[in-house]
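First to last, the protein sequences are chains A and B.
Quick note on numbering: the first sequence equals residues 23 to 281 in the working numbering.
Quick note on numbering: the second sequence equals residues 405 to 562 in the working numbering.
Glycine residues also receive a C-beta, built at the ideal position from the N, C-alpha and C atoms.
No experiment lies behind these values; they were computed from the predicted model shown.
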Amino acid sequence: MVGAIRRLGTLFVNGIWQLGFITRFFWLILVYSGQSFTRLHLTLRELYFSGVMSLLIILVSGLFVGLVLGLQGYETLQRYGASDSLGTLVALSLVRELGPVVAGLLFASRAGSAVTAEIGLMKVTEQLKAMDMMAVSPIARVVAPRFWGGVISMPLLAALFSAMGVFGGWLIGVVAIGVDDGAFWSQMQSAVDFRYDVLNGVIKSCVFGVAVALIAVFEGYDCVPTAEGVSRAITRTVVSSALAILALDFVMTSFMFRG
Amino acid sequence: MSRTTLDLWVGVFVAMGIAALLFLALKVGSISGSDIQSPYTLIARFDNIGGLKARAPVKVAGVLVGRVAEIRYDNERFQAEVVFTVDGRYKFPTDTFANILTSGLLGEQYVGLDPGGEDKLLAPGDVIKKTQSAVVLEKLISQFMFNKAAEGDTAPAK
Numbered sequence: 023m024v025g026a027i028r029r030l031g032t033l034f035v036n037g038i039w040q041l042g043f044i045t046r047f048f049w050l051i052l053v054y055s056g057q058s059f060t061r062l063h064l065t066l067r068e069l070y071f072s073g074v075m076s077l078l079i080i081l082v083s084g085l086f087v088g089l090v091l092g093l094q095g096y097e098t099l100q101r102y103g104a105s106d107s108l109g110t111l112v113a114l115s116l117v118r119e120l121g122p123v124v125a126g127l128l129f130a131s132r133a134g135s136a137v138t139a140e141i142g143l144m145k146v147t148e149q150l151k152a153m154d155m156m157a158v159s160p161i162a163r164v165v166a167p168r169f170w171g172g173v174i175s176m177p178l179l180a181a182l183f184s185a186m187g188v189f190g191g192w193l194i195g196v197v198a199i200g201v202d203d204g205a206f207w208s209q210m211q212s213a214v215d216f217r218y219d220v221l222n223g224v225i226k227s228c229v230f231g232v233a234v235a236l237i238a239v240f241e242g243y244d245c246v247p248t249a250e251g252v253s254r255a256i257t258r259t260v261v262s263s264a265l266a267i268l269a270l271d272f273v274m275t276s277f278m279f280r281g
Numbered sequence: 405m406s407r408t409t410l411d412l413w414v415g416v417f418v419a420m421g422i423a424a425l426l427f428l429a430l431k432v433g434s435i436s437g438s439d440i441q442s443p444y445t446l447i448a449r450f451d452n453i454g455g456l457k458a459r460a461p462v463k464v465a466g467v468l469v470g471r472v473a474e475i476r477y478d479n480e481r482f483q484a485e486v487v488f489t490v491d492g493r494y495k496f497p498t499d500t501f502a503n504i505l506t507s508g509l510l511g512e513q514y515v516g517l518d519p520g521g522e523d524k525l526l527a528p529g530d531v532i533k534k535t536q537s538a539v540v541l542e543k544l545i546s547q548f549m550f551n552k553a554a555e556g557d558t559a560p561a562k
């Protein structure tokens, strides 16, 4: 009984410790960002590895999500004789929710895990320590570029996901089923507001980008420097990124879209 | 530092992302905030606003000229006070009539303005005096029933 309470206490204290460490780590990244931006090619390289390499999965998943939304939406809407509103349904659900969230989840498992593995392996092979010895800050050289690479690519990927999804919905709705093309676009345009819907979606994806990138670089930097430790850190990255995305999504939705 | 193929791919990626954002902004959404130029506010009081919500359209002859900015309850008059912004290009006479209408049978509700024939124009912040409340389906039905019942008692007056 005492042991259980003690374990609970340790767990709690460790959690608070972790939270403090991650906050200080975030602050350090911001401080060293200026230094790492003087060598922009480092960030560009990370933009390539997290952004460009995730393009294919994001585009294909966006297309399929759009196709499914088109089919399911049509199936439901035509019961009420409102199949013209298919464009509205597809666009609103993608721009507000599915685009940022699903792109964030995919991004966490595609790019976040790779970043954690890379930094973790650098820690295992003591490259980070070696940099420190040479008076090169590993945060400026390794961590900050990966962080900014993730933060910049996330909103772009989410926008691509949404655009691709709308295209998928259009393919199913207009090309395959035969909803009126004009009604599809005009109903969509009259219902989707740029500031209220699109911009709020972009804000969401930016926040998810910061969360995923921070978790990925932190878990890599903080991992136990063994083979097992790295594999656990990767698992933690994917799990806590997914949880962070879904929890943050609820919080942001609750104050962005309250009718 | 020389240009590499990596830079090219990053450039392609960023360009695609921005193109997607533009697509979302222009083709999927409508930039509604900016198509109302130099807006001014008008106020109308209604006995019942039905399901009218903030950001609902304000239309004249079916053309969108503004949006509802705020809805509040006036506790001295026991009426709903609807504040809406109207595009500065459009002016309306002081005897303009404000209705709450529904687009389609079950569509969203909007404010419809019917301009009158006065020479004086409404200034920013003015109150539209002539208003008609939203049609509440229950009232309409009960009125119809009442009229039917009244018809049954006396001969229909034509």
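Measuring alpha carbon to alpha carbon, tell me which residue in the options is nearest residue i.
| i | options | result |
| --- | --- | --- |
| A/V164 | A/R28, A/F216, A/Q149, A/A125 | A/Q149 |
| B/A473 | B/V464, B/R481, B/E485 | B/E485 |
| A/A235 | A/R254, A/S263, A/T248, A/M75 | A/S263 |
| A/R254 | A/A139, A/R118, A/A162 | A/A139 |
| A/V90 | A/V239, A/G195, A/V214, A/F279 | A/G195 |
| A/F279 | A/S115, A/K145, A/I27, A/R67 | A/S115 |
| A/Y54 | A/L85, A/E241, A/A166 | A/A166 |
| B/V432 | A/W49, A/R28, A/M210 | A/M210 |
| A/V273 | A/K226, A/G37, A/R168, A/G231 | A/K226 |
| A/I237 | A/L33, A/A133, A/L120 | A/A133 |
| B/F496 | B/R459, B/E542, B/R476, B/D530 | B/D530 |
| A/F82 | A/T147, A/W170, A/V261, A/V124 | Residue identity differs from the one stated: residue 82 of chain A is Val in this sequence, not Phe. Closest option to A/V82, Cα to Cα, is A/V124. |
| A/S107 | A/S276, A/I267, A/S212, A/V239 | A/S212 |
| B/M420 | A/R29, A/I38, A/R46, A/S76 | A/S76 |
| B/L468 | B/Y477, B/Q441, B/G454 | B/Q441 |
| A/C245 | A/I199, A/I141, A/F189 | A/I141 |
If we define contact as Cβ-Cβ less than 8 Å, is residue i a contact residue for chain A?
| i | result |
| --- | --- |
| B/G437 | In this prediction, B/G437 scores a pLDDT of 49, lower than 50, which makes its location untrustworthy; no coordinate-derived value is stated. |
| B/D411 | yes |
| B/L505 | no |
| B/M420 | yes |
| B/G454 | no |
| B/V540 | no |
| B/A484 | no |
| B/F427 | yes |
| B/V515 | no |
| B/A554 | no |
| B/A424 | yes |
| B/T466 | Position check: residue 466 of chain B holds Gly in this sequence, whereas Thr was assumed. So no, B/G466 is outside the interface. |
| B/F501 | no |
Between residue i and chain B, is any beta-carbon pair separated by less than 8 Å?
| i | result |
| --- | --- |
| A/Y96 | no |
| A/S58 | no |
| A/L85 | no |
| A/Y70 | yes |
| A/D219 | yes |
| A/L99 | no |
| A/G88 | no |
| A/M278 | no |
| A/R67 | yes |
| A/S14 | This structure cannot speak to residue 14 of chain A, because chain A is shown only from 23 to 281. |
In the structure shown, what three-state DSSP assignment does residue i receive?
| i | result |
| --- | --- |
| B/N503 | strand |
| A/T147 | coil |
| B/F427 | helix |
| B/P497 | strand |
| A/A264 | helix |
| A/V122 | The sequence as given places Pro at residue 122 of chain A; Val does not occur at that position. Helix. |
| B/A448 | strand |
| A/V24 | helix |
| B/I545 | helix |
| B/T489 | strand |
| A/D215 | strand |
| B/R476 | strand |
| B/I532 | strand |
| A/V220 | helix |
| B/A484 | strand |
Tell me the rounded alpha-carbon separation between residue i and residue j.
| i | j | result |
| --- | --- | --- |
| A/F216 | B/L428 | 8 Å |
| A/Y243 | A/V229 | 21 Å |
| B/F501 | B/V540 | 19 Å |
| A/R258 | A/E241 | 7 Å |
| B/D411 | A/G231 | 21 Å |
| B/T489 | B/L446 | 6 Å |
| A/A162 | A/T60 | 10 Å |
| A/A5 | A/L143 | With chain A running from 23 to 281 in the structure shown, residue 5 of chain A is simply not present. |
| B/T498 | B/A448 | 12 Å |
| B/G437 | B/F482 | Any reading at B/G437 must be qualified, since the residue scores a pLDDT of 49, below 50, and its modelled position is unreliable; the value itself is stated next. Those two C-alpha atoms are separated by around 31 Å. |
| B/N503 | A/G109 | 30 Å |
| A/T275 | B/F548 | 44 Å |
| B/G516 | A/Y70 | 53 Å |
| A/G204 | B/Y514 | 23 Å |
Determine, using beta carbons only, whether residue i comes closer than 8 Å to chain D.
| i | result |
| --- | --- |
| B/L526 | Here chain D cannot be found, since the structure's protein chains are A and B. |
So within the segment 158-210 of chain A, which uninterrupted alpha helix (DSSP H) runs reach at least 4 residues, ignoring any that extend past its ends?
Entirely contained in the segment 158-210 of chain A, the alpha helix (DSSP H) runs reaching 4 residues are, in chain order, 166-192.
Alpha helix (DSSP H) segments (min. 4 residues) lying fully within the segment 38-106 of chain A
62-68, 77-99
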